[in-house]
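Numbering (numbering that gives the first Met the number 0), first residue to last: 0 to 94. The beta-carbon is built from N, C-alpha and C at its ideal position, and this holds for glycine as well. Reviewing the structure listed below.
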Amino acid sequence: MNNFQKSVEDIKTKRINFINNFTPEQDILVRNLIKSSSDPELNSIRVHKYLTATKFVGKVETARYLDKIGLDEKTTLRSLDEENIKELLKFFELK
């Protein structure tokens, strides 16, 4: 395996681990959303995928909530701002 392939595999593993380690715990969620929004290896992950991959919340319910707060299923982590993060926290307060 050459260096490029190794880099691609490392990034892929990092992304999978990030998604699979999702937790709705507020402090951790905020930290992860802020950190990932500026990480070039993570910031292209779709918010909908990040929130629903572990099946803690349903896909339809999440899509409806994202629509309600002005986001959609294609919104990526890089496009989240502080207000979006606050709105996402409200979603998990209801859980």
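As the crow flies, the alpha-carbon of E86 is around 43 Å from that of N1. Around the Cβ of I27, a 10 Å sphere holds fewer than 16 other Cβ atoms; the residue is exposed. Annotated three-state conformation of T74 is coil, per DSSP. The residue from I68, L50 and L76 with its alpha-carbon nearest to that of K34 is L76. An exposed status is given to N20, since fewer than 16 other beta-carbon atoms sit within 10 Å of its beta-carbon. Taking C-beta atoms under 8 Å as the contact rule, T74 and R30 fail to qualify, at a distance of about 19 Å.
Around S43, the same chain offers T75 and R77 as residues with beta carbons nearer than 7 Å, after the five sequence neighbours per side are excluded. Where S35 is concerned, the enclosing alpha helix (DSSP H) starts and stops at Q25 to S36.
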